[in-house]
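Novice: According to the working numbering, the residues represented by the sequence shown are 165 to 240, in order.
Positions of the beta carbon are idealized from the N, C-alpha and C atoms, including for glycine.
Since this is a predicted model, take the numbers as computed values, not measurements.
Dumping the structure here so I can ask a few things about it.
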Amino acid sequence: MMRFKQNINLSAFFEQVRKSNGDVWFFTNQKDQLNLKSQLSQYVFAAAFFDSEFRLSGNIICENPADEKLLQDFTE
165 MMRFKQNINL SAFFEQVRKS NGDVWFFTNQ KDQLNLKSQL SQYVFAAAFF
215 DSEFRLSGNI ICENPADEKL LQDFTE
């Protein structure tokens with residue numbers, strides 16, 4: 165389970181998500197789930213991304229643990 169760093173480049177993050185082999189999920193603290201490999205979910209996520217409470221309180225989970233390396237520049 166990973167969390168976003170404070171300031172990230174969203175376009176660069178989505179580029180790395182596209183390169184991942186498995187699904188990449190964002191879980192909100194309200195128990196919502198967004199599959200960030202889905203373009204529709206990316207639009208929903210991008211619309212809420214600038215709310216720092218939304219972004220920083222959620223968790224990122226990679227279906228394939230090897231994909232975590234692709235996202236390490238954006239997470240802590």
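Cβ of residue 209 versus every heavy atom of the ligand MN: is any distance shorter than 7 Å?
Specialist: With respect to the ligand MN, the structure offers nothing, as it holds no ligand at all.
Novice: CB-CB under 7 Å to residue 172, same chain, minus the five flanking residues each way: which ones, in chain order?
Specialist: Taken in chain order, the residues that qualify are 238.
Novice: Residues in the same chain with beta-carbon distance under 7 Å from residue 190, minus the five sequence neighbours each way, listed in chain order, please.
Specialist: Answer for residue 190: 198, 200, 209, 222, 224, listed in chain order.
Novice: In three-state DSSP terms, what is residue 234?
Specialist: Correct three-state label for residue 234: coil.
Novice: DSSP three-state call for residue 206: helix, strand or coil?
Specialist: Looking at residue 206 - three-state DSSP - the assignment turns out to be helix.
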